[in-house]
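Remarks on the structure that follows.
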Amino acid sequence: MFSNIERNTRTEFGNAMISDVRIDKSAKQNKMESFWMAETLKYFYLIFSEPSVVSLDEYVLNTEAHPFRRPKPGVDDGPRYG
113 MFSNIERNTR TEFGNAMISD VRIDKSAKQN KMESFWMAET LKYFYLIFSE
163 PSVVSLDEYV LNTEAHPFRR PKPGVDDGPR YG
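When the letters of the sequence shown are read in order and numbered with our numbering, they come out as residues 113 to 194.
So, in structure tokens, the structure goes:
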């Protein structure tokens with residue numbers, strides 16, 4: 113997956129947005145969103161790193177790739193809302 117992203121988005125100075133992910137060899141746009149490094153690359157690192165970095169059995173990643181410890185089954189951690 114990462115190889116395909118690199119192959120299709122790499123530019124001289126970073127990674128470009130592409131116009132349409134459904135089209136092979138889609139045009140590159142002259143910008144890179146801040147979440148590319150702040151979130152996407154962090155996801156790749158955390159998902160494919162050794163479990164000692166962050167265990168996906170013990171933690172979940174939020175939308176910004178911050179790890180949060182999963183509650184243990186059967187532990188009452190307060191009222192539930194919703």
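Backbone N, C-alpha and C fix where the C-beta goes; we use that ideal spot for every residue, glycine too.
Under a three-way DSSP split, which group does residue 117 fall into? The DSSP-derived three-state label of residue 117 is helix.
Fully enclosed by the segment 138-165, which alpha helix (DSSP H) runs are 4 residues long or longer? Scanning the segment 138-165 from its first residue to its last, the whole alpha helix (DSSP H) runs of 4-plus residues come out as 153-160.
Could you give the residue range of the beta strand (DSSP E) that holds residue 172? 171-173 is the span of the beta strand (DSSP E), which, as asked, contains residue 172.
Residue 176 and residue 145 look like a contact to me (Cβ under 8 Å); what is the Cβ gap, rounded to whole Å? 13 Å between Cβ atoms; not a contact.
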